[in-house]
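S.K.:
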Amino acid sequence: MKHIKKAMLAVLVLFAAAFAGCGGSPEAINQEASTSAIRAAQEVGASEVPSASLYLQLAEEELEKAKVLAANGNKEQAESMLLRAQADAELAIILSHGDADKTEATAALERVKTLRQDNN
Numbered sequence: 092m093k094h095i096k097k098a099m100l101a102v103l104v105l106f107a108a109a110f111a112g113c114g115g116s117p118e119a120i121n122q123e124a125s126t127s128a129i130r131a132a133q134e135v136g137a138s139e140v141p142s143a144s145l146y147l148q149l150a151e152e153e154l155e156k157a158k159v160l161a162a163n164g165n166k167e168q169a170e171s172m173l174l175r176a177q178a179d180a181e182l183a184i185i186l187s188h189g190d191a192d193k194t195e196a197t198a199a200l201e202r203v204k205t206l207r208q209d210n211n
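Residues in the sequence shown are numbered consecutively from 92, following our numbering.
1) Does the distance from the CB of Tyr146 to the CB of Asp179 come in under 8 angstroms?
2) Specify whether the segment 158-166 and the segment 124-143 touch according to this definition: at least 3 beta carbon pairs, one from each stretch, less than 8 angstroms apart.
3) So within the segment 108-189, which uninterrupted alpha helix (DSSP H) runs reach at least 4 residues, ignoring any that extend past its ends?
4) Should Glu153 go down as buried or exposed, given a rule of 16 or more other Cβ atoms within 10 Å for buried?
5) Could you tell me the alpha carbon to alpha carbon distance between Gln148 and Gln133, rounded to whole angstroms?
6) Got a sec? Which residues, its chain only, sit under 6 angstroms from Ala124 by beta carbon, not counting five neighbours each side?
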C-alpha cells in the first residue's frame, strides 16, 4: 500500500509539473521581418517625411502590441500584428522614396525654368 501511495504521489507531481509548464512561458513569435522593415524605414529617413512618418510610427506601435499579445499567449493575433507592422514599415519606405523622387523632380523643373529664362 505504501508503494501505491508513493507512485500516486509521483504521478501527481509529474502531472502538476507538466501542467504548469504548458502555460508558463509566453508564446515565441518571429519578429525579425517586421523589426528589419522598421529599421530600414528609419535608415531611409522615413521619420523626416510627413506621409511616411505616420506609417513608421504605426509600425513601431504595432510591433509593441505584438510583443504584448505574444506575452499574453495570443500567438495568432501577435503574428497578425507583426504582419501589419511589416506592411506599414514597407509603406513608409516606399513613401520616403517617393518623396525624394518628387523633390528631385521639382528641383529639375526649377533648373529647366531657370535655363529657359536665361536663354530668353
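For each residue, glycine too, the CB sits at the ideal point set by N, CA and C.
M.R.: This is what the structure holds:
1) With respect to the 8 angstroms criterion, Tyr146 and Asp179 are classified as neighbours on the basis of their beta carbons.
2) Output reads no: the segment 124-143 does not touch the segment 158-166.
3) Within the segment 108-189, the complete alpha helix (DSSP H) runs of at least 4 residues are 123-134, 141-162.
4) Result: buried.
5) Distance between the alpha carbons of Gln148 and Gln133: 10 angstroms.
6) The residues are Gln177.
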